[in-house]
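Okay, structure first, notes after.
Numbering (my numbering), first residue to last: 517 to 666.
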């Protein structure tokens with residue numbers, strides 16, 4: 517299972533997702549450009565020493581990332597989806613794709629995803645924090661596929 521972040525903008529969110537990947541055994545793909553420098557100390561501060569325990573791959577852009585997908589499904593987490601992330605059946609090699617914090621992904625990216633799902637939330641609010649969303653989605657996907665660490 518992999519987590520892919522499309523053009524992330526906030527270093528602290530990326531750090532928190534890296535820590536999540538380290539703890540739950542999911543590789544993290546970072547699709548550039550990012551809204552901060554890779555050596556930004558906020559990434560390391562949020563990831564702490566967990567950054568040494570996660571597989572991180574940086575991609576020069578979406579097409580470079582897409583070339584690494586192989587037969588894995590791209591599952592886009594988006595507030596624009598109608599299907600619940602809890603009603604979706606995950607596969608062990610799925611890639612959970614999250615858009616940039618301010619705008620999600622462009623329609624051209626959403627269209628090529630195998631599935632689009634959303635985390636149910638109250639209608640009065642717009643969206644959750646990126647790292648929180650990644651934690652909820654990855655936890656459910658690993659629970660379904662038996663991939664949660666002991």
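Ideal Cβ positions, reconstructed from N, Cα and C, are used throughout, including at glycine.
Every value quoted in this text rests on a predicted model; they were computed, and no experiment measured them.
* Can you give me the start and stop residues for the alpha helix (DSSP H) that residue 581 sits inside? => 578-582
* **Spatially closest choice to residue 528 from 606, 538, 541 and 551, by CA coordinates** => 551
* Asked: The alpha helix (DSSP H) spanning residue 628 covers which residue range?
  -> 623-628
* Asked: For residue 643, which of helix, strand or coil comes out of DSSP?
  -> coil
* Close-in-space but distant-in-sequence residues of the same chain around residue 521 (CB under 6 Å, 5 per side omitted) -> 546 and 614
* Could you pull the start and end residues of the alpha helix (DSSP H) that residue 540 belongs to? => 527-540
* Distance, residue 635 Cα to residue 575 Cα -> 26 Å
* Below 8 Å, can you find three or more Cβ-Cβ pairs linking the segment 614-626 to the segment 586-596? -> yes
* To do: Could you give the DSSP three-state label for residue 558: helix, strand or coil?
  => helix
* Using three-state DSSP, classify residue 571 as helix, strand or coil. => coil
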